[in-house]
Amino acid sequence: MEKNKVVKGPVSKRSVVKPVSRSLKQMHSHKKIPEVGKSHYSDPTWIYLNSLGRVPLMNRGQEVQYSILMRFAQYKLLDMAFREDIVLDALFTMGNELENNKIECI
Numbered sequence: 257m258e259k260n261k262v263v264k265g266p267v268s269k270r271s272v273v274k275p276v277s278r279s280l281k282q283m284h285s286h287k288k289i290p291e292v293g294k295s296h297y298s299d300p301t302w303i304y305l306n307s308l309g310r311v312p313l314m315n316r317g318q319e320v321q322y323s324i325l326m327r328f329a330q331y332k333l334l335d336m337a338f339r340e341d342i343v344l345d346a347l348f349t350m351g352n353e354l355e356n357n358k359i360e361c362i
């Protein structure tokens, strides 16, 4: 096998790997330091975060409706979970261990 040859496909144990040696300046030359005082209007993340409070996604009635729906779904899930025997057994076991000081709340 030739030295420093590019190997396509699976790499074997006998493949030669050429170490890459670059100066620190070359490695970081692609990064640009933002200038102080420059506007963020070209940064899509900044634009999105800055416009969060300005663009209404729901009106007040919709927000209330969805919050009631979410709370109902949460209670329904908890009700379903605590009807399962395995969950109740685990809770009673933990309660007994707390009473007997085998475990403690931190």
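Numbering-wise (our numbering), the sequence shown opens with residue 257 and increments by one. C-beta atoms are modelled at their ideal positions from N, C-alpha and C, and glycine is treated no differently.
Collapsing the DSSP output to three states places P312 in coil.
For the pair I324 and M314, the Cα-to-Cα distance works out to about 14 angstroms.
Per the coordinates, the alpha-carbon of L308 lies some 11 angstroms from the alpha-carbon of T301. Counting along the chain, N352 sits inside the alpha helix (DSSP H) bounded by residues 341 to 355. Taking C-beta atoms under 8 angstroms as the contact rule, E353 and I362 fail to qualify, at a distance of about 14 angstroms. Where I362 is concerned, there is no enclosing alpha helix (DSSP H), because DSSP gives it neither an H nor an E. Within the same chain, and ignoring the five residues on either side of V343 in sequence, the residues whose Cβ sits closer than 8 angstroms to its Cβ are A337.
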